[in-house]
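A.B. asks: Okay, here's the structure, questions in a sec.
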Amino acid sequence: MVDHLLTAALAWFNVWKPYIFTAVTTLIILLGLVIVAAWMIWLERRLLGLWQDRYGPNRVGPLGLGQVIADMIKIFFKEDWLPPFVDKPTFVLAPAIAMSMMLLGFAVIPLSATLGVADLNIGLLFFLAIAGLSVYAVMLGGWSSNSKYSLLGGVRSTAQTISYEVFMGIALMGVVMQTGSFSLRDIVNAQQGSSFGFIPHWNMFSQVLGLIVWVPAALAVTHRTPFDLPEAESELVQGYHTEYSGMKFGMFMVSEYVGIVMVSALTTTLFFGGWLGPFVDRLPWLGFFWFAGKTFLFMASYILVRASLPRPRYDQIMAAGWKFCLPVALLNMVVTGALVLWKAGV
Amino acid sequence: MSADGLASKSDKGAQHEVVRELYARFGESPFTFQPTVDKLPTLWVDQSRLGDVLRYLRNTIARPYKMLYDLTAVDERLRKNRQGLPPADFTVVYQLLSIERNSDLRLKVALTGDYPSLPSIVGIYANANWYEREVWDLFGITFNGHPNLQRIMLPRTWQGHPLRKEYPARATEFDPYALTVAKQDMEQEALRFNPEEWGMKRGTSEEDFMFLNLGPNHPSAHGAFRIVLQLDGEEIVDCVPDIGYHHRGAEKMGERQSWHTFIPYTDRIDYLGGVMNNLPYVLAVEKLAGIEVPDRVKTIRVMMAEFFRICSHLLYYGTYCQDVGAMSPVFFMFVDRKKAYDVIEAITGFRMHPAWYRIGGVAHDLPQGWDRLVREFVEYLPKRLDEYQKAALENSILKMRSRDVAAYNTEQALDWGVTGAGLRATGLGYDLRKARPYSGYENFDFEVPVAHHGDVYDRCLVRVEEMRQSVRIIKQCLENMPAGPYKADHPLTCPPPKERTLQDIETLITHFLGVSWGPVIPAGESCQMIEATKGINSYYLTSDGSTMSYRTRIRTPSFAHLQQIPSVIRGAMVPDLIAYIASIDFVMADVDR
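One line per chain: the protein sequences are A and B, in this order.
Letter by letter, the first sequence follows residues 14 to 359 of the working numbering.
Letter by letter, the second sequence follows residues -19 to 573 of the working numbering.
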């Protein structure tokens, strides 16, 4: 009887094993992502402190690492406050959209040759769709708050989105054409090999123009300086999340950092060979560390950008988007297309 | 005793060119000349001729008086020493400034009655608007024809006019304050913005405007400053600055503090200016008292004033960068400011508000080793300024945000009473330290930085260059500090000289009175203008021969600069307004007093 049950359970487990395995890895990766994002708040505060001749958080735990935990505990125990004048369902929905979209976007990114949440054959398209949807968080947050600063933040966000989304998509098409696939895993695999033994075949070389346009677009996706117009604290107080507090504010906050991790990871994947690097062919586990290392570098550069750049006016951003980035992206697409056709011998 | 020599009735002021010109144009009958210790031509003019005289001075006369520098009033009802002056219950005082002549003219209008009125001059000098509102608010004098004669310093619900002599000056003279719910609601309601009152439309046939209440609590409002914006999208159609949230009645306090004990209050007028605020006050009092200070005092005062100019400009520099969105520079500049304050603290004993100048001198001599501290700082700062040049000022985004934003030309600047870096950024190098040297500035070698676009960026450039010039001045102080006493040898200095008190009874009595009552300053009027951190700051003191000032008028640059905002920013965007506000360099204590 027991034997019978055990066999049945085992059979059931065998059938569902891949699903359970996937569910567990997914959970680990996404939880890991949130934790990394949360600790990035610490990293940012420490690095900014370093660059600004001050300390940053250094009291809680070694090097102040416990600051994030303390902040999390505080924010969890704060009153879940709904201002009386807001549009309640939308107001609650907005931070949830912000958080979930950023997590979903990360799902298509391969962490190493074997690790990853999902291998979609339309991975990049999926990311673009998610990036588009995540604007709703800002827009709805700004609109439902029923406050003038928030509204202006929401309006700015919308205006900014329509100017960067166009050239962001087009800038990435060069990579897609070169690879012939939307799958991010394929894109990484296509960057294998090197010239003269030391110049890797990363897209950053063949897609210089694409990269140039992608960098500002990537900053814009995360609403970080110098594209932090929707929340520009010196102008709009806190912009679209002026009225938010407690955990709902915390979700906006963490989603911003998840966004940074996601976009850094995507930059690594698209232009810097993802998990590829020396010795990966012999030691496959090294792939994840290459990936993480490169991603970390971009994350840190985000912080450096924030520390060093002022904020343009939003009409200036739109002008730069339409008058500079879009033509460059189009040029890149045309040239890449021509090269691809030429190589194929058409 | 009188410092002015009020009795000399025969003096018609013919030694002043402008007085002769006015006599030639209008005859002598509408005018009464008043000699004052500050040698500033002062004419009482008939109320009926005021408009004509002002129009003539502004538009017709050669080398005109383009700027209405100040407009204020005096409650004359309790004044004893006014021999030879026209009878008046209240006086409205107009001070005009001519850049071409590099001189001023003070016009006074005598008013009788408890709540008198006179014609508004907003049609002639546009910047009279706020000044007239202020006079109405604080004195109850009505200006006929003023477009919107509302209270400006005090809440609209306020009862009474505080600068009138019958109005109590101390909280202890009032009933205890209580805020009931009903009262709070009433106060809130009084703050509600009503566009129609300001001649604004709520919308056009196609769209509604948004009215955005920026402040009084806003990250970039630099204090409790409220500005109501009429917005079309993010474009500013019009705006109404609303001040008074920082009003503490400093001028009223001047009438209740002894001449000496008012000095710490001046520190807090432009709270970033520290001892720079003491300077016009003590210089004006010294004029009244007839004190000539030793060279060492002059040089120490110049050195400390320039230190505070640097401190104030550093803060300006940092917050300016922050307001256009760069987050790091402000931290670097605060580090430098801290170093400057370390030197200031070593010399004066305090950091931000030392209240260190005294009538007739400074509080104590320079400490031993002061020269090493000062030298370290003046050698340190220029290198840092070079770094900021690259890190902040030459940043292309910063330039993009501030070039050609909120620009005005010299003429507009003069119309609105703009002084200081805001004026020099338009290409007019008018710096009082050069134009009318005081406290020994004529002995220093420095330049007056000017820029020519008159935009946000240029105002910053001018201030950055001014810091270098201040370093130059401090270096000269360091190398040429005169020896000698740090206090004038005069019975009215504060605290009075004590050395001979135990030798003769006269000195003992003077000392006793000077310490217990404070000095009795001879009756008279005197005004001293200085180039303060934010523009021209002046104290116009009226003494009635008492231990306290009869009237203390504090003219601050920031007040004029804020009044100018709507005329400059119409048609620009919200971020431009923030950059503009950052570039003005004001503190609300300097606006509201």
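C-beta atoms are modelled at their ideal positions from N, C-alpha and C, and glycine is treated no differently.
#1: Can you check DSSP and say which residues form a bridge with residue 47/B?
#2: Which residues in chain A sit within 7 angstroms of residue 375/B, going by Cβ to Cβ distance?
#3: Is the CB-CB distance between residue 413/B and residue 430/B below 8 angstroms?
#4: Measuring CA to CA, which of 179/B, 354/B, 152/B, 498/B is closest to residue 128/B?
#5: How would you list, in chain order, the residues of chain A whose beta-carbon sits under 9 angstroms from the beta-carbon of residue 207/B?
#6: What's the gap between the Cα of residue 646/B and the Cα of residue 75/B?
#7: Terminal residues of the continuous beta strand (DSSP E) containing residue 498/B?
#8: For residue 96/A, return the contacting residues in chain B, with the cut-off set at a CB-CB distance below 8 angstroms.
#9: Give me the DSSP bridge partner(s) of residue 483/B.
#10: Mind checking whether residue 206/B and residue 463/B have CB atoms under 8 angstroms apart?
#11: Could you tell me the distance, in whole angstroms, from the CA atom of residue 53/B to the CA atom of residue 454/B?
#12: Taking C-beta to C-beta, are residue 475/B and residue 495/B nearer than 8 angstroms?
#13: List the DSSP bridge partners of residue 206/B.
#14: Please classify residue 448/B: does DSSP put it in a helix, a strand, or coil?
#15: Which of the residues in the region 154 to 186 of chain A, read from start to end, lie with their CB under 7 angstroms from any CB of chain B?
#16: Against chain B, does residue 237/A count as a neighbour if the rule is that its beta carbon must be under 8 angstroms from one of theirs?
#17: Under the three-state reduction of DSSP, which class applies to residue 215/B: helix, strand or coil?
#18: Residues of chain A with a CB under 7 angstroms from the CB of residue 426/B: which are they?
#19: Between residue 320/A and chain B, is any beta-carbon pair separated by less than 8 angstroms?
#20: Which first and last residues belong to the beta strand (DSSP E) in which residue 504/B is found?
#21: Grouping DSSP H, G and I as helix and E and B as strand, with all else coil, what is residue 473/B?
#22: Just by C-beta distance, which residues in the region 51 to 68 of chain A are closer than 8 angstroms to chain B?
#23: Measuring alpha carbon to alpha carbon, tell me which of 423/B, 346/B, 201/B ends up nearest residue 568/B.
#24: How about residue 50/A and residue 271/A: are their beta carbons less than 8 angstroms apart?
#25: With distance defined between alpha-carbon atoms, name the residue in 131/B, 328/B, 418/B nearest to residue 266/B.
#26: Taking C-beta pairs closer than 8 angstroms, name the residues in chain A that residue 308/B reaches, listed in chain order.
#27: Mind pulling the alpha helix (DSSP H) runs of 4 or more residues that sit fully within the region 220 to 264 of chain B?
#28: Hey, is residue 187/B's beta-carbon within less than 8 angstroms of any beta-carbon in chain A?
#29: Please classify residue 22/A: is it buried, with 16 or more other beta-carbons within 10 angstroms of its beta-carbon, or exposed?
#30: Look at the alpha carbon of residue 374/B and the alpha carbon of residue 253/A, and state the distance between them as a whole number of angstroms.
#31: Using a C-beta to C-beta distance shorter than 8 angstroms, which residues of chain B count as neighbours of residue 204/A?
#32: So which of 526/B, 287/B, 37/B has the shortest CA-CA distance to residue 448/B?
#33: May I ask you to report which of helix, strand or coil DSSP gives residue 431/B?
#34: Tell me whether the region 28 to 37 of chain A and the region 105 to 113 of chain A touch, counting them as touching only if at least three CB pairs, one residue from each stretch, are closer than 8 angstroms.
#35: Listed from N- to C-terminal order along the chain, which residues in the region 287 to 320 of chain B have their beta-carbon within a distance smaller than 8 angstroms of any beta-carbon of chain A?
#36: Are the CB atoms of residue 157/A and residue 255/A within a distance shorter than 8 angstroms?
C.D. replies: By the coordinates alone:
#1: Residue 47/B sits at position 67 when you count from the first residue of the second sequence. DSSP lists 77/B as partners of residue 47/B.
#2: Taking the second sequence and counting its residues from 1, one reaches residue 375/B at position 395. Within chain A, the residues near residue 375/B are 323.
#3: Taking the first residue of the second sequence as 1, we reach residue 413/B at position 433. Taking the first residue of the second sequence as 1, we reach residue 430/B at position 450. Contact: no.
#4: Your numbering for residue 128/B matches position 148 in the second sequence. Residue 128/B has its Cα closest to that of 179/B, out of 179/B, 354/B, 152/B, 498/B.
#5: As a working note, residue 207/B is residue 227 in the second sequence. Those within 9 angstroms of residue 207/B in chain A number zero; the least Cβ separation is about 13 angstroms.
#6: Since the first residue of chain B shown is -19 and the last is 573, residue 646/B is not available in this structure.
#7: One-based indexing of the second sequence puts residue 498/B at position 518. Neither: residue 498/B is in no beta strand (DSSP E) and is coded neither H nor E.
#8: Locating residue 96/A in the first sequence gives position 83, counting from the first residue. Correct list: empty, because the minimum Cβ distance to chain B is about 17 angstroms.
#9: For this step, residue 483/B is matched to residue 503 along the second sequence. Its beta-bridge partners do not exist; DSSP assigns none.
#10: Here residue 206/B refers to the residue found at position 226 when the second sequence is read from its first residue. Here residue 463/B refers to the residue found at position 483 when the second sequence is read from its first residue. No, the pair does not count as a contact, with Cβ atoms beyond the cut-off.
#11: Position 73 of the second sequence, counted from the start, is the residue given in the question as residue 53/B. Position 474 of the second sequence, counted from the start, is the residue given in the question as residue 454/B. Residue 53/B and residue 454/B: Cα-Cα distance of roughly 38 angstroms.
#12: By one-based count along the second sequence, residue 475/B stands at place 495. By one-based count along the second sequence, residue 495/B stands at place 515. Yes, these two residues count as a Cβ contact at 8 angstroms.
#13: Residue 206/B sits at position 226 when you count from the first residue of the second sequence. 222/B, per the DSSP bridge assignment.
#14: Numbered from 1 along the second sequence, position 468 holds the residue referred to as residue 448/B. Three-state DSSP puts residue 448/B in a helix.
#15: 161, 165
#16: The residue you call residue 237/A lines up with position 224 of the first sequence. Answer no: the Cβ-Cβ gap between residue 237/A and chain B never drops below 8 angstroms.
#17: To locate residue 215/B, count along the second sequence from 1; it is residue 235. Here residue 215/B sits in strand by DSSP.
#18: Stepping through the second sequence from its first residue, residue 426/B is reached at position 446. Near residue 426/B there are no residues of chain A at all, since even the closest Cβ is about 30 angstroms away, more than 7 angstroms.
#19: For the purposes of this step, residue 320/A is taken as residue 307 along the first sequence, with counting starting at 1. Output row for residue 320/A: interface = yes.
#20: Translated into positions along the second sequence, residue 504/B becomes position 524. Run containing residue 504/B: 504 to 511, per the beta strand (DSSP E) assignment.
#21: The count along the second sequence starts at 1 and reaches residue 473/B at position 493. The answer is coil: DSSP assigns residue 473/B none of H, G, I, E or B.
#22: 61, 64, 65, 66, 67
#23: Your numbering for residue 568/B matches position 588 in the second sequence. Of the listed residues, the one whose Cα sits closest to residue 568/B is 201/B.
#24: As a working note, residue 50/A is residue 37 in the first sequence. As a working note, residue 271/A is residue 258 in the first sequence. Contact: yes.
#25: Within the second sequence, the letter at position 286 stands for residue 266/B. Nearest of 131/B, 328/B, 418/B to residue 266/B, Cα basis: 418/B.
#26: Sequence index remark: in the second sequence, residue 308/B carries index 328 (1-based). Those within 8 angstroms of residue 308/B in chain A are 61, 64, 65, 320, 321.
#27: 230 to 234, 243 to 247
#28: Residue 187/B sits at position 207 when you count from the first residue of the second sequence. Not closer than 8 angstroms to any Cβ of chain A, the Cβ of residue 187/B fails to qualify, so no.
#29: By 1-based counting over the first sequence, the position of residue 22/A is 9. Under this definition residue 22/A is an exposed residue.
#30: The residue you call residue 374/B lines up with position 394 of the second sequence. The residue you call residue 253/A lines up with position 240 of the first sequence. C-alpha separation (whole angstroms): 31 angstroms.
#31: Along the first sequence, one-based indexing puts residue 204/A at 191. Under the 8 angstroms cutoff, chain B gives no residues; its nearest Cβ is about 33 angstroms from residue 204/A.
#32: What you label residue 448/B is simply residue 468 of the second sequence in a count that begins at 1. Closest option to residue 448/B, Cα to Cα, is 287/B.
#33: Mapped onto the second sequence, residue 431/B falls at position 451. Of the three classes helix, strand and coil, the one that applies to residue 431/B here is coil, per DSSP.
#34: no
#35: 301, 302, 303, 304, 305, 306, 307, 308, 311, 312, 315
#36: Counting from 1 along the first sequence, the entry for residue 255/A is found at position 242. Counting from 1 along the first sequence, the entry for residue 157/A is found at position 144. In this structure, residue 157/A does not lie closer than 8 angstroms to residue 255/A by Cβ.
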